[in-house]
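What follows is a short report on a single structure.
Number of protein chains: 2
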Amino acid sequence: MDTALDRAVRVFRERGYHATSIGDLTAAMRLATGSVYKAFRDKHAVFLAAFERYTALRQEQTRSAAARGANGREQIRNVLLSYVEHSQGIEGRRGCLVVGSAVELSAHDAMVAARVNAQLATNENFIAGLIRDGQADGSIPRHVAADDTARLMLCITQGMRVVGKARLPLDGERLVGVAMKLLA
Amino acid sequence: MDTALDRAVRVFRERGYHATSIGDLTAAMRLATGSVYKAFRDKHAVFLAAFERYTALRQEQTRSAAARGANGREQIRNVLLSYVEHSQGIEGRRGCLVVGSAVELSAHDAMVAARVNAQLATNENFIAGLIRDGQADGSIPRHVAADDTARLMLCITQGMRVVGKARLPLDGERLVGVAMKLLA
DNA sequence: CATAATAGGGAATGGACGTTTCCGAATAAA
DNA sequence: TTTATTCGGAAACGTCCATTCCCTATTATG
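Chains B and X, in that order, are what the protein sequence lines are.
Residue numbering for the first sequence follows the working numbering, starting at 21 and increasing by one per position.
Residue numbering for the second sequence follows the working numbering, starting at 21 and increasing by one per position.
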């Protein structure tokens with residue numbers, strides 16, 4: 021079942037919500053129409069479940085990227101690099117389900133909007149925490165405004181998903197090198 | 021006709037492409053179904069025309085914001101501030117047609133993808149030009165990497181549209197204040 | 001071994017959508 | 001005044017989609 025959901029995630033990321041038909045979904049999940057409707061109330065419920073699964077996976081990936089850094093500064097650097105990687109190539113073309121949901125659904129779907137907001141807030145708070153960690157361990161100057169910088173970095177990460185979806189190449193080292201000036 | 025197109029722009033921005041029916045379109049444009057199909061080949065052609073109109077308008081707004089700056093640095097500051105303004109409130113909730121197209125269509129629609137890419141490249145080149153202007157007039161240090169910084173700023177602006185669509189508040193002064201460190 | 005219960009598959013259905021076509025009105029030409 | 005032409009409006013059509021219903025296996029149970 022979870023592997024079927026993973027396939028659903030992929031389709032929704034590639035096509036978005038409205039352009040994904042139940043037919044696309046059943047083909048990808050290798051389930052018959054009836055089976056999908058036995059497991060989920062409707063298409064919207066499938067999407068919500070896919071969204072949850074996607075964010076859980078991404079959160080784990082981001083946190084494990086951060087964990088590879090020795091101090092706050094390096095952890096943020098790794099998080100940003102990880103975002104560049106995921107925004108590029110085939111993974112980048114698939115796109116981010118959070119960005120896709122924000123753009124396509126959040127204006128007219130309160131349930132999705134709430135989850136998008138929660139996920140963005142989580143991401144931002146995670147970055148803000150890393151900044152404060154860096155200030156505590158001495159790798160980031162005290163005068164850096166943690167919350168403002170975190171919000172700007174949130175914009176950077178979400179923007180990378182947009183730019184990556186449009187297939188503009190992103191050079192991780194150079195881009196993150198510039199972005200790290202925000203921690204000066 | 022152009023005023024009808026403006027209304028089409030608004031609907032597409034709010035609902036996206038797939039969630040906008042011909043009915044939505046005719047209601048917004050105050051045109052009957054037949055009239056729309058007399059003026060445009062199909063829904064896709066309406067969208068393309070709306071896209072052109074939107075980008076023309078936005079480009080004008082961005083350039084006039086830049087023109088209000090006395091040097092390269094101030095021009096970039098004004099461009100970023102203008103993006104924050106447009107990403108907020110009711111305008112932000114309506115969303116950006118470029119971002120929406122990139123996310124919803126660009127993977128499966130070559131025509132839209134080309135125009136999205138062109139628009140992103142234009143935006144990025146405009147910023148890169150402003151950086152070089154600033155380096156020429158002395159308001160931006162020579163060691164700033166114009167192209168890399170411009171690409172990161174492109175990510176920032178596109179990311180602001182995503183975050184704004186999700187209704188997170190953006191404080192222009194604080195956000196842009198932090199972003200200007202990229203020109204240090 | 002027989003039977004009940006459950007999960008999955010696939011055909012049927014009702015509705016909505018994009019598109020086409022036809023009709024009437026208004027305007028210009030004769 | 002009459003004819004021709006253009007333009008907008010609305011009904012009609014065929015397709016596709018989300019959802020439901022029913023049937024068939026398979027498993028658990030007595």
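A virtual CB, placed ideally from N, CA and C, is assigned to each residue, including glycine.
These numbers come from a predicted model, not from an experiment.
Item                                                                                                                   : Value
C-alpha distance - X/T169 paired with X/G43, whole-angstrom precision                                                  : 43 Å
For B/V164, three-class secondary structure by DSSP                                                                    : coil
Residue from X/S41, X/V198, X/V183 and X/T23 whose Cα sits closest to the Cα of X/R114                                 : X/V183
Alpha-carbon to alpha-carbon, B/H106 and B/G112                                                                        : 6 Å
Minimum Cβ-Cβ distance from X/A130 to chain B less than 8 Å                                                            : no
8 Å Cβ cut-off: residues of chain B touching X/H163                                                                    : What X/H163 touches in chain B: nothing, since even the nearest Cβ is about 11 Å away.
Selection from B/T82, B/P189, B/G158 and B/R30 that minimises the alpha carbon distance to B/R91                       : Correcting the residue type first, residue 91 of chain B is Asn in the shown sequence and not Arg. Checked all of B/T82, B/P189, B/G158 and B/R30; the closest Cα to B/N91 is B/G158.
Partners in chain X for B/A148, counting only beta-carbon separations shorter than 9 Å                                 : Here the premise fails: no neighbours, minimum Cβ distance about 13 Å.
Sequence-distant residues of its chain with Cβ nearer than 8 Å to X/V132 (five each side left out)                     : F67, L68, F71, S121, L125 and S126
CB contact below 8 Å: B/N137 versus chain X                                                                            : yes
As assigned by DSSP and simplified to three states, the class of B/N143                                                : helix
Nonlocal neighbours in the same chain, by C-beta distance under 7 Å from X/T75, ignoring five residues either side     : V118 and Q139
Nearest neighbour of X/L202, chosen from X/L188, X/A166 and X/G192 [CA to CA]                                          : X/A166
Short CB-CB distance (under 8 Å) between B/T177 and chain X                                                            : yes
Any chain B beta carbon closer than 8 Å to X/E124                                                                      : yes
Cβ neighbour criterion (16 or more within 10 Å) applied to B/S102                                                      : buried
Inter-residue spacing [alpha-carbon to alpha-carbon] between B/Q155 and X/V123                                         : 36 Å
Three-state secondary structure assigned by DSSP to B/T40                                                              : coil
Which of helix, strand or coil DSSP assigns to X/Q95                                                                   : helix
Cβ shell of B/T177 (< 6 Å), same chain only, five flanking positions each side left out                                : Y103
Whole alpha helix (DSSP H) elements within the stretch 53 to 95 of chain X, 4-residue minimum                          : 53 to 59 and 63 to 87
Residues of its chain near B/R35, where Cβ-Cβ distance is below 8 Å and the 5 sequence neighbours each way are ignored : D44
Cutoff 7 Å; reference X/T46; Cβ partners in own chain excluding five residues on either side                           : A52, T53 and V56
Residue closest to B/L190, alpha-carbon to alpha-carbon, out of B/R162, B/M180 and B/D153                              : B/M180
Which of helix, strand or coil DSSP assigns to B/E102                                                                  : The question names Glu, but residue 102 of chain B in the sequence shown is Ser. Three-state result, B/S102: helix.
CB contact flag (B/L174, B/E144, <8 Å)                                                                                 : yes
Under 8 Å between C-beta atoms of X/A246 and X/L172                                                                    : No statement about residue 246 of chain X is possible, as the shown extent of chain X runs from 21 to 204 and does not include it.
Bounding residues of the alpha helix (DSSP H) (the contiguous stretch that carries B/S121)                             : L117 to E124
Nearest neighbour of B/L188, chosen from X/R135, X/D153 and X/Q79 [CA to CA]                                           : X/R135
Chain B residues whose Cβ lies nearer than 8 Å to that of X/A204                                                       : K201 and A204
Residue interval of the alpha helix (DSSP H) (run including X/A28)                                                     : D22 to R35
Any C-beta of chain B under 8 Å from that of X/D44                                                                     : no
Beta carbon proximity, B/V66 to chain X, threshold 8 Å                                                                 : no
Proximal residues of chain B, C-beta to C-beta of X/R35 below 8 Å                                                      : A127 and H128
CB contact flag (X/A28, X/A48, <8 Å)                                                                                   : yes
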